[in-house]
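Asker: Chains as they are written, first to last, in the working numbering: chain Y, 356 to 582; chain X, 10 to 168.
Cβ atoms here follow ideal geometry from the backbone N, Cα and C, with glycine treated the same way.
1) Indicate the three-state DSSP secondary structure (helix, strand or coil) for residue 421 of chain Y in the structure shown.
2) For residue 432 of chain Y, which residues does DSSP report across the bridge?
3) Taking the alpha-carbon positions, what's the residue 513 of chain Y to residue 403 of chain Y distance?
4) Within a Cβ cutoff of 6 Å, which residues of the same chain sit near residue 476 of chain Y, ignoring the five residues on either side of it in sequence?
5) For residue 46 of chain X, would you say it is in contact with chain Y, using Cβ-to-Cβ distances shorter than 8 Å as the test?
6) DSSP puts residue 519 of chain Y in a beta bridge; with which residues?
7) Check residue 102 of chain X in the structure and name its three-state DSSP category.
8) Using a C-beta to C-beta distance shorter than 8 Å, which residues of chain X count as neighbours of residue 464 of chain Y?
9) When you measure from the CB of residue 555 of chain Y to every non-hydrogen atom of the ligand MN, does any distance come out below 7 Å?
10) Residues of chain Y with CB under 8 Å from residue 50 of chain X, in chain order?
11) Quick check: residue 384 of chain Y and residue 167 of chain X, are their CB atoms within less than 8 Å of each other?
12) With a threshold of 8 Å between beta carbons, is residue 429 of chain Y in contact with chain X?
13) Report the residues of the stretch 482 to 514 of chain Y with a CB closer than 8 Å to any CB of chain X, ordered along the chain.
14) Are the C-beta atoms of residue 116 of chain X and some chain Y residue less than 8 Å apart?
15) Taking only beta-carbon positions, decide if residue 468 of chain Y is within less than 8 Å of chain X.
16) Sort X:164, X:70, X:127 by Cα distance to residue 150 of chain X and report the nearest one.
17) Going along the chain, which residues of its own chain have a beta-carbon closer than 7 Å to the beta-carbon of residue 396 of chain Y, five neighbours each way excluded?
18) To which residues of the same chain is residue 569 of chain Y closer than 7 Å at the C-beta, ignoring the five residues directly before and after it?
19) If I measure Cβ to Cβ from residue 457 of chain Y and keep anything under 7 Å in the same chain, skipping five residues before and after, which residues do I get?
20) From residue 575 of chain Y to residue 413 of chain Y, what distance separates their C-alpha atoms?
21) Quick check on the burial criterion: 16 or more other C-beta atoms within 10 angstroms. Buried or exposed for residue 120 of chain X?
22) Would DSSP call residue 477 of chain Y helix, strand or coil?
23) Going along the chain, which residues of its own chain have a beta-carbon closer than 6 Å to the beta-carbon of residue 45 of chain X, five neighbours each way excluded?
24) Is it buried or exposed, residue 31 of chain X, if we count other Cβ atoms within 10 angstroms and call 16 or more buried?
25) Put residue 497 of chain Y into one of helix, strand or coil per three-state DSSP.
26) Kindly indicate which three-state DSSP category residue 416 of chain Y falls into: helix, strand or coil?
27) Less than 8 Å between the C-beta atoms of residue 17 of chain X and residue 454 of chain Y, yes or no?
28) Rounded to whole angstroms, what is the Cα-Cα separation between residue 102 of chain X and residue 436 of chain Y?
29) Give a yes or no on whether 8 Å exceeds the smallest Cβ distance from residue 119 of chain X to chain Y.
30) Do residue 511 of chain Y and residue 524 of chain Y count as a contact pair if the criterion is CB distance below 8 Å?
31) Rounded to whole angstroms, what's the CA-CA distance from residue 447 of chain Y to residue 506 of chain Y? Just pull it up for me.
32) I'd like the span of the beta strand (DSSP E) that includes residue 456 of chain Y, first residue to last.
33) Using the three-state DSSP reduction, which class does residue 131 of chain X fall into: helix, strand or coil?
34) Quick one: is residue 159 of chain X buried, meaning 16 or more other Cβ sit within 10 Å of its Cβ, or exposed?
35) Out of Y:441, Y:502, Y:542, which has the shortest C-alpha to C-alpha gap to residue 529 of chain Y?
36) Any idea what DSSP makes of residue 32 of chain X, helix, strand or coil?
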C-alpha cells in the first residue's frame, strides 16, 4: 500500500486536477512549492500507531484488522467488538476483503490492535505448531446468515483431525438434499481455519475446492493428521 | 458517482494521509503538525459513515484539516515559536524535507492566500477542490492561489 502515495508524489495529481494540469508544471516558484517526498517511513509508522490507539480508545474503530504471518502465508484477521469476524486467506485479495468489510459491517475499518485479534494470533500459532486442536477466540458470525450459517455451524462441530462429506454437513444443517448450497456456504466461509471448512471433502475422497486454494487445504489437513 | 459505497477508512489514511500531513505541517507549523493530523483523522473517522459522496472524500478531509489548522495557526500567532523554527531542516520531522524558508514565507501570507497555496501545492488539490474546502467560488480559489504566488514572487525578488 505504501507505494500508492509515493506514486502520487512523483507523478503529481493526475486525477481531479482537470484541465488545469499538475501543480508542479508551473514556473520555478511553483516547482519549489510542489516539491515533496513521502513521509519518513518510521515517523509515518509511529503516526499510524498513535492514530490506531487513539481511534480505538475513542471507540471509533468498528472493524480492527491486522496481518498475521502463518505457514500458509499472510492472513488478514478482522475483528468487531463482538469477536473475530473475518479471516482473509493468502489467496484472497486483501483490498477486496477490506472493501467487503467496509460494505457489510462498517466503513470504519482501520489497521489497529484489538484483544480478539491478539488472541486469535496466539491460537493460530499454536494450531500451526500442532499444539492446539480447538479455538476459543470469540467469533462474530454476522457475515453469514440463514442456511449458510447453519452449514458453517455444523462444520464448526467437526472434530480436529476428522473429515465429513458435503452431504453429511448439509444433513447436519437440516437439509440433506441441499448439498450444492452447502458447498457454496463453505466456499464463502468468512472464518476459514477457525470454522474448519477444510475438513469437508467430496465423498469421492478427492480434495475438493477451497477458498484458499487446494494446496492450503491439503496443508491444513496434513497438520491435523487427517491426510 | 455519489452512490459509490465508502472505501474502508484504512484506504483513506494510506491514500490521503501523507498529503494531509504535509498540509498540516505547512499550515499549523511543525510543532503542531502531528496534532493537526491526528485530530483531523479522528474527526474524519467519527463522521465517516455519514459521508454521502465517496468521490469528494479528499476535499472533505482537507476541509476538516483546514479548520483544525486555522485553530492551530491562531494559537501559534498568539505564542510565536522560537526563531529556530525558520530552519526546519535542523532536525528530522515526519514530513518531507521541502523548502523550509519558502514555506515560512507561505505561512506568513494572509490567511486565504496561505490556505489556497498550501492546498494547491502540498495538498495537490484542484482549484475546484480548493473552492470546496474554502467555501468560495472556483474563480476566488484561483485568485487566492494567484495572489499568493504573486506576493511570494515579490518578496523573493526584493531580496
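Answerer: On the basis of the supplied data:
1) In this structure, residue 421 of chain Y counts as strand in the three-state DSSP scheme.
2) When beta bridges are read from the DSSP output, residue 432 of chain Y appears opposite Y:421, Y:442.
3) Computed Cα separation, rounded: 40 Å.
4) Cβ within range, chain order: 423.
5) Interface criterion met: the Cβ of residue 46 of chain X is under 8 Å from a Cβ in chain Y.
6) Residue 519 of chain Y pairs with Y:555.
7) Reliability of the predicted coordinates at residue 102 of chain X is poor, the pLDDT of 49 falling under 50, and no value is obtained from them.
8) Around residue 464 of chain Y, the beta-carbon contacts reaching into chain X at under 8 Å are 17, 18, 19.
9) Among the components of this structure there are no ligands whatsoever, and the ligand MN is therefore not found.
10) Those within 8 Å of residue 50 of chain X in chain Y are 406, 410.
11) When the beta-carbon positions are compared, residue 384 of chain Y and residue 167 of chain X stay at least 8 Å from each other.
12) Not closer than 8 Å to any Cβ of chain X, the Cβ of residue 429 of chain Y fails to qualify, so no.
13) Flagged: no residues at all.
14) Not closer than 8 Å to any Cβ of chain Y, the Cβ of residue 116 of chain X fails to qualify, so no.
15) False, the Cβ-Cβ gap to chain X never drops below 8 Å.
16) The shortest C-alpha to C-alpha distance from residue 150 of chain X to any of X:164, X:70, X:127 is the one to X:127.
17) Cβ within range, chain order: n/a, list empty.
18) Taking residue 569 of chain Y as the centre and dropping the five residues before and after it, the same chain places the C-beta of 562 closer than 7 Å to its C-beta, in chain order.
19) Same-chain partners within the cutoff: 464.
20) Roughly 38 Å separates the two Cα atoms.
21) Classified as exposed, residue 120 of chain X has fewer than 16 neighbouring CB atoms from the shown chains inside 10 Å of its CB.
22) Here residue 477 of chain Y sits in helix by DSSP.
23) Setting aside the 5 residues that flank it on each side, residue 45 of chain X is surrounded in the same chain by 33, 37, 77, 78, 81, each with a C-beta closer than 6 Å to its C-beta; the list follows chain order.
24) Residue 31 of chain X is buried by the Cβ-count criterion.
25) Residue 497 of chain Y: coil per DSSP, three-state reduction.
26) Looking at residue 416 of chain Y - three-state DSSP - the assignment turns out to be coil, as it is neither helix nor strand.
27) Cβ atoms of residue 17 of chain X and residue 454 of chain Y: closer than 8 Å.
28) Residue placement at residue 102 of chain X is poorly supported in this model, since its pLDDT is 49, which falls under 50; the coordinates still yield a value, given next. Computed Cα separation, rounded: 35 Å.
29) Among the CB atoms of chain Y, none fall inside 8 Å of the CB of residue 119 of chain X.
30) Cβ distance not < 8 Å, so residue 524 of chain Y and residue 511 of chain Y don't count as in contact.
31) Spanning the two alpha carbons is a distance of roughly 22 Å.
32) Boundaries around residue 456 of chain Y are those of the alpha helix (DSSP H), 449 to 459, since no beta strand (DSSP E) includes it.
33) Three-state DSSP puts residue 131 of chain X in coil, outside helix and strand.
34) With fewer than 16 Cβ atoms within 10 Å of its Cβ, residue 159 of chain X is classed as exposed.
35) Answer by Cα proximity: Y:502.
36) Under the three-state reduction of DSSP output, residue 32 of chain X falls in the helix class.
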